[in-house]
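A.B. asks: Quick note: the sequence shown, position 80, residue 167 per the working numbering, numbers continuous.
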Amino acid sequence: MQAKATLRAVGSTPEKLLLAAPRGYCAGVDRAVQTVERALELYGAPVYVRKEIVHNKTVVEQLRERGAVFVESVADIPEGATVVFSAHGVSPSVHAKAAARSLATIDATCPLVTKVHVEAKKFAADGYTIVLIGHAGHEEVEGTMGEAPENIVLVQTEEDVEELEVPDPERVAYISQTTLSVDETRAIIERLRRRYPAIIGPRTDDICYATTNRQAAVKQLAEQCDLVLVIGSRNSSNSNRLVEVAREHGAASHLIDSEGEVREDWLEGKRVVGITSGASAPESLVQRLVDFFRARGTSDVQELEVVQEDVRFMLPKVIRQGLATSSA
Ligand code: SF4
């Protein structure tokens with residue numbers, strides 16, 4: 088019995104860990120989380136947050152412990168209170184409902200999501216039918232569709248393109264959710280171009296730099312690993328895409344919230360294990376996973392840097408003004 092137990096432990100201890108770079112927090116998530124933290128410092132608890140500020144269980148729990156109150160709807164917030172809107176963005180109707188309840192709003196929508204909202208408004212004003220490539224039910228998609236509900240149709244797959252019916256095939260535009268698979272989206276856009284040769288799109292890609300870079304990194308990671316573990320929550324779109332991309336590039340891959348979800352059978356016979364994390368997952372979770380493997384005897388830990396990233400977004404104006412006043 089003893090010998091079997093020892094053999095299994097050795098067989099499931101990887102020789103090497105490879106950490107993708109870039110991974111984890113993007114500039115939009117960092118800004119959103121900091122916005123709630125600074126709001127708590129400036130105004131005190133409770134600070135209400137509509138929906139999860141970012142799609143990560145650990146981040147949400149930590150902010151909840153500090154006094155953030157997460158609600159599904161502005162209707163759940165007492166009149167006159169302070170509310171932060173999440174990084175995924177909200178539709179104009181949510182702004183209107185918040186105003187009707189005299190809420191003090193702090194908008195932590197990522198500027199790269201706002202860019203897509205601006206495109207939607209512009210294409211709608213110019214009379215285009217807008218094809219939004221995205222996932223039904225995702226908060227970002229709901230927010231973007233709310234900008235021009237009469238003009239936007241949602242497409243989730245290449246097959247959906249064939250089902251489309253538009254009033255004028257000569258006036259069609261496309262936009263996309265920011266956290267999709269780069270390759271799948273390209274295929275959908277190609278299909279749209281074949282069906283609507285006059286279709287126009289945004290001047291620069293809607294899939295954001297962080298999604299693009301993390302997918303580029305996980306592709307290379309997967310090619311060098313037997314298993315890729317992606318740290319991220321189930322409702323994190325970009326994290327789910329990382330698992331899919333890793334699998335498409337030859338590695339077994341699983342999404343985990345933390346090291347506690349690693350299953351022994353995943354590790355059997357895996358020599359090189361890759362680790363990456365979604366744009367809403369804090370680095371502390373990566374380090375905990377590395378420590379988990381170090382404790383089992385893996386000492387070779389290397390980073391695979393594929394792209395250098397140096398993007399930062401300013402905090403929302405109301406927070407910057409609050410901080411300036413409080414330090415004056
Ligand atoms: S994943 Fe991209 S769009 Fe979403 S918050 Fe991060 S930078 Fe912004």
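The beta carbon of each residue, even a glycine, is placed where N, CA and C say it ideally should be.
Since the model is a prediction, treat every value here as computed from it, not as a measurement.
What would DSSP say about Asp-117, mapped onto helix, strand or coil?
C.D. replies: helix
A.B. asks: Taking the continuous alpha helix (DSSP H) assigned at Thr-272, which residues delimit it?
C.D. replies: 269-282
A.B. asks: Report yes if the CB atom of Ala-108 is closer than 9 Å to the CB atom of Glu-390, and no otherwise.
C.D. replies: yes
A.B. asks: Comparing the CB of Leu-342 with every heavy atom of the ligand SF4, is any distance shorter than 8 Å?
C.D. replies: no
A.B. asks: Where does the unbroken alpha helix (DSSP H) through Leu-410 begin, and where does it stop?
C.D. replies: 404-414
A.B. asks: So, with DSSP's three-state summary, where would you put Lys-103?
C.D. replies: When secondary structure is reduced to three states using DSSP, Lys-103 falls in the strand class.
A.B. asks: Please report how far the alpha carbon of Ala-309 lies from the alpha carbon of His-175, in whole angstroms.
C.D. replies: 28 Å
A.B. asks: Taking just the CA atoms, how far does Cys-295 sit from Val-398?
C.D. replies: 11 Å
A.B. asks: Can Asn-322 be considered in contact with the ligand SF4, in the sense that its beta carbon sits closer than 8 Å to one or more heavy atoms?
C.D. replies: no
A.B. asks: Kindly indicate which three-state DSSP category Glu-390 falls into: helix, strand or coil?
C.D. replies: In the three-state reduction of the DSSP assignment, Glu-390 falls in the strand class.
A.B. asks: Hey, could you find the ends of the alpha helix (DSSP H) Ser-340 is sitting in?
C.D. replies: Per DSSP, Ser-340 belongs to no alpha helix (DSSP H); it is in the beta strand (DSSP E), 339-343.
A.B. asks: In three-state DSSP terms, what is Phe-157?
C.D. replies: It is a strand residue.
A.B. asks: Evaluate the contact criterion for the segment 322-342 versus the segment 374-384: three or more CB pairs, one atom per stretch, below 8 Å.
C.D. replies: no
A.B. asks: Give the range of the alpha helix (DSSP H) segment to which Arg-334 is assigned.
C.D. replies: It spans 324-335 - the alpha helix (DSSP H) in which Arg-334 sits, taken as one unbroken run.
A.B. asks: Which word fits Arg-95, buried or exposed, when buried means at least 16 other C-beta atoms lie within 10 angstroms of its C-beta?
C.D. replies: Any answer about Arg-95 is weak, because its pLDDT of 38 lies below 50 and its placement is not dependable; what the coordinates show is given next. It counts as exposed.
A.B. asks: Tell me whether the beta-carbon of Leu-376 lies closer than 9 Å to the beta-carbon of Leu-316.
C.D. replies: yes
A.B. asks: Examine the ligand SF4 and report whether any of its heavy atoms sits within less than 8 Å of the Cβ of Thr-298.
C.D. replies: yes
A.B. asks: Assess contact between the segment 112-132 and the segment 402-415, defined as three or more Cβ pairs (one per stretch) separated by less than 8 Å. Is contact present?
C.D. replies: Taking 8 Å as the limit for Cβ pairs, the verdict is that the segment 402-415 does touch the segment 112-132.
A.B. asks: With a threshold of 8 Å (Cβ to nearest heavy atom), would Cys-312 be considered close to the ligand SF4?
C.D. replies: no
A.B. asks: Go to Phe-416, then tell me how far its alpha helix (DSSP H) extends in each direction, as first and last residue.
C.D. replies: Here the chain has residues from 88 to 415 only, and residue 416 is not among them.
A.B. asks: Rounded to whole angstroms, what is the Cα-Cα separation between Arg-328 and Val-161?
C.D. replies: Distance between the alpha carbons of Arg-328 and Val-161 is about 30 Å.
A.B. asks: Please confirm whether any heavy atom of the ligand SAM lies closer than 8 Å to the CB of Pro-101.
C.D. replies: No copy of the ligand SAM occurs in the structure displayed; its ligands are the ligand SF4 alone.
A.B. asks: Is it the case that the segment 277-294 contacts the segment 255-263, given that we only count it when at least three CB pairs across the two stretches are under 8 Å?
C.D. replies: Touching, yes.
A.B. asks: Quick check on Ser-263: does DSSP put it in helix, strand or coil?
C.D. replies: In this structure, Ser-263 counts as strand in the three-state DSSP scheme.
A.B. asks: Work out the CA separation of Ile-239 and Val-218 for me, nearest whole Å.
C.D. replies: 6 Å
A.B. asks: Leaving out five residues on either side along the sequence, give the residues of the same chain with a beta carbon under 6 Å from the beta carbon of Gly-167.
C.D. replies: Ser-189
A.B. asks: Name the residue from Ile-220, Asp-344, Ala-235 and Glu-396 whose alpha carbon lies nearest to the alpha carbon of Ser-178.
C.D. replies: Ala-235
A.B. asks: With distance defined between alpha-carbon atoms, name the residue in Gln-307, Asn-300 and Ser-326 nearest to Gln-395.
C.D. replies: Asn-300
A.B. asks: Run through DSSP, which three-state label would Ile-239 get?
C.D. replies: DSSP, reduced to helix, strand and coil, places Ile-239 within a strand of the structure shown.
A.B. asks: Between the C-alpha atoms of Leu-314 and Val-388, what's the straight-line distance to the nearest angstrom?
C.D. replies: 15 Å
A.B. asks: Using the Cα positions of Lys-357 and Thr-266, report the straight-line distance between them to the nearest angstrom.
C.D. replies: 29 Å
A.B. asks: Just to confirm my understanding: we take Ile-220, look at its own chain, exclude 5 residues before and 5 after, and list those with CB closer than 7 Å. What are they?
C.D. replies: Val-242, Tyr-261, Ser-263, Gln-264, Leu-267, Thr-272 and Ile-275
A.B. asks: How far does the beta strand (DSSP E) with Ala-191 in it reach, from first residue to last?
C.D. replies: 191-194
A.B. asks: Determine the closest residue to Thr-428 out of Thr-145, Asp-352, Gly-365 and Thr-298, with distance taken between C-alpha atoms.
C.D. replies: With the chain covering only 88 through 415, there is no way to say anything about residue 428.
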